[in-house]
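**Student:** Dropping a structure here in structure tokens format, bear with me for questions.
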Amino acid sequence: LNDRERERERERERRGEEGRRIMLASFFSSFCSSLVLNFVEPARNVFYHASQATGLSISQLSFVTAQLVNCPVVALTRKVSKGNARHIYGTVSTLGLLTLAYGRDVEQFVYAGALVYLFMRFFPKRCGYLTWGTIFTYQIYLHYERSSEAAWNAGNIDFTGSFMMATLRLISLAMDYQDGVTGKKTKHSFSKFPTLLEYTGYLTGLGGILVGPHFYYDEYLRYANNQGEYENLNSSSFPSTVGPGIKAFMSSVFSVVIYFQFGQVITNRAAILTLNDARISMWGKLFIGFIANVEYRLKLYFAWHLEECALILSGFGFSGYSKYDERTPVWTKAVSSAMIECEAPPSVAIAVVKWNRHTGMWLRNYVYDRIPMGGLAALLVTQTICGLWHGFSSSFILFFSHSALVIYCSRILYRIQTKHMPKESRPYTDFLHSLFTMFMLNYICGGYNVVSLAAVMDWWRSVNYVGHGLILIIFALGAIYPKKKKV
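Numbers given in our numbering equal positions in the sequence shown, counted from 1, plus 13.
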């Protein structure tokens with residue numbers, strides 16, 4: 014009898030927990046609808062009049078406004094009580110900002126999050142694969158259905174960019190939980206099923222879902238609960254965030270100022286890159302391509318540095334102290350890309366690591382390291398998946414698949430530098446390697462900025478396929494100076 018009573022009690026507790034989850038899910042859905050009706054629609058009327066005055070699209074104004082509001086909202090997170098209060102604050106504030114930026118499309122994030130939570134609840138040993146199969150596939154479909162690449166090049170901003178970040182979070186969370194449940198030991202694996210508030214807090218907390226960067230569930234929980242490196246978050250012993258925060262903010266301002274200056278010259282990147290003008294030499298075309306590519310990256314630097322500022326001011330992203338003086342605090346987890354390191358990298362491999370670095374690490378954790386074969390084949394698969402994540406477009410797929418070839422070329426050059434050339438020549442070969450990196454990245458980036466396969470081929474044809482010739486030459490050098498086989 015006692016066993017039956019205990020079983021009934023456990024059943025009542027389970028039903029109560031399920032009821033609370035349903036109530037919370039209903040609350041978030043109603044909250045989003047209420048935001049659209051009572052706040053966002055009136056705000057869009059303001060954006061309409063601002064658009065008429067500035068010439069910017071309504072989608073650009075709403076997104077930039079959400080980004081600017083996000084900065085103080087995220088910075089205040091550290092003042093919110095730890096635990097559930099911090100989860101709720103992050104969930105409600107970010108859903109509000111997503112609604113401001115994208116209107117009713119905020120529902121897409123809610124539905125995707127609910128689906129993956131059900132996968133984790135009922136299929137824990139397969140939830141990661143199910144998330145890959147559904148959410149990643151849906152991400153590709155959204156790019157196709159919304160023609161996101163053409164829309165972005167036209168200056169419009171839709172929710173697919175932020176949904177890309179949600180896709181990273183959802184796959185990361187599901188794969189790490191699947192690893193933990195099945196006993197696979199990985200750096201971020203866990204086996205305790207998250208509460209609904211922990212789940213929504215991670216997916217939306219700290220505003221990172223708007224533009225990134227990606228971070229992991231265990232990292233978020235330590236911050237939300239003032240544990241680990243965040244144990245002294247609100248005490249005087251925690252590193253000052255003001256200086257690094259201001260530095261990130263000024264980098265953001267610098268990026269947007271230069272972006273508008275370049276925008277006066279490069280008014281249509283795709284049209285300029287595919288312009289057929291006999292008066293422009295190959296080197297002139299390459300220089301134009303370089304300026305067009307820098308302009309494209311500047312708007313990303315603006316958004317990323319602004320979010321970096323917000324995260325640092327909130328205290329999130331603290332990664333210890335500099336290895337050089339052991340006194341300067343480092344905020345690596347808050348940094349998506351460092352401008353100087355990306356614009357003047359010593360090698361392609363380092364450029365890939367420094368550019369959108371946390372997405373690159375995500376690709377390594379959930380794609381590259383899980384591919385049985387290594388080398389060039391693993392690189393091609395990883396970069397092709399990265400291209401599909403960016404959009405269902407031949408230009409994206411060609412760019413990222415070619416980036417795998419260029420990374421492999423960089424490895425060959427490094428091997429020749431270190432194994433087959435005198436040490437005295439290293440400063441000179443490093444300089445040449447850096448020039449090769451900047452040249453090749455801007456050569457293949459030309460394909461990133463145009464939409465169709467024909468336009469990509471037009472760009473490469475207009476500069477005589479010079480980059481492809483370099484790739485073939487370096488592959489030949491790799492055959493002449495092969496990698497030594499392990500004994």
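Each residue gets a CB set at the ideal place from its N, CA and C atoms; glycine is no exception.
1. Where does P440 sit, in a helix, a strand or coil, going by DSSP?
2. At the level of alpha carbons, what is the spacing between M434 and D443?
3. E354 lies in the alpha helix (DSSP H); which residues open and close that run?
4. Less than 8 Å separating the beta-carbons of I476 and M453?
5. Among all the DSSP beta bridges, which residues are the ones paired with P342?
6. Below 8 Å on the Cβ atoms is my contact criterion, and I expect F413 with C399 to pass it. Report the Cβ-Cβ distance as a whole number of Å.
7. Pick out the complete alpha helix (DSSP H) segments inside the region 439 to 487, 4 residues or longer, and give them in chain order.
8. At 4 residues or longer, what runs of the alpha helix (DSSP H) sit wholly inside the region 168 to 211?
9. Apart from the five residues on each side of it in sequence, which residues of its chain come closer than 7 Å, Cβ to Cβ, to F303?
10. Count the other C-beta atoms from every protein chain shown that fall within 10 angstroms of the C-beta of P207, then say buried if there are 16 or more, exposed otherwise.
11. Quick one: is R182 buried, meaning 16 or more other Cβ sit within 10 Å of its Cβ, or exposed?
12. With A316 and Q121 assumed to form a contact (beta carbons below 8 Å), what rounded beta-carbon distance in angstroms separates them?
13. What residue range does the alpha helix (DSSP H) around R91 cover?
14. Whose C-alpha, out of G96, H201, S185, L110, is nearest the C-alpha of L7?
15. Going straight from the alpha carbon of I486 to that of L319, what length do you get?
16. Just how far apart, CA to CA, sit K260 and L411?
17. Excluding the five sequence neighbours on either side, which residues of its own chain have a C-beta within less than 7 Å of the C-beta of P495, listed in chain order?
18. Output the distance between the C-alpha atoms of K498 and I279, rounded to the nearest integer angstrom.
19. Mind checking whether the beta-carbon of V194 lies closer than 7 Å to any heavy atom of the ligand COA?
20. Buried or exposed for Y272, going by 16 or more other Cβ atoms inside 10 Å?
21. Quick one: is K197 buried, meaning 16 or more other Cβ sit within 10 Å of its Cβ, or exposed?
**Tutor:** From the atom records:
1. In the three-state DSSP reduction, P440 falls in the helix class (H, G or I).
2. Cα to Cα, the separation comes out at about 12 Å.
3. E354 -> alpha helix (DSSP H) spans 352 to 356.
4. The sequence given here places Val at residue 476; Ile does not occur at that position. Between V476 and M453, the C-beta spacing is not below 8 Å.
5. Residue pairing by DSSP places P342 opposite Y334 in a beta bridge.
6. Confirmed, about 5 Å.
7. Those alpha helix (DSSP H) runs which fall completely within the region 439 to 487 and span 4+ residues are 439 to 461, 466 to 475.
8. Runs of the alpha helix (DSSP H) spanning 4 or more residues and lying entirely within the region 168 to 211 occur at 173 to 195, in chain order.
9. Around F303: N455.
10. Classified as buried, P207 has 16 or more neighbouring CB atoms from the shown chains inside 10 Å of its CB.
11. Result: buried.
12. The beta carbons of A316 and Q121 sit about 20 Å from each other, so the pair does not count as a contact at 8 Å.
13. For R91, there is no enclosing alpha helix (DSSP H), as DSSP gives it neither H nor E.
14. Given that the chain is displayed from residue 14 to residue 500, the structure contains no residue 7 and the question cannot be resolved.
15. Their Cα atoms are separated by approximately 41 Å.
16. K260 and L411 have their C-alpha atoms spaced approximately 35 Å apart.
17. There are no such residues.
18. Cα atoms of K498 and I279: separation of roughly 49 Å, rounded to the nearest angstrom.
19. The model on display carries no ligand, and the ligand COA is accordingly not part of it.
20. Classification of Y272: buried, given that the 10 Å Cβ count is 16 or more.
21. Label assigned to K197: exposed.
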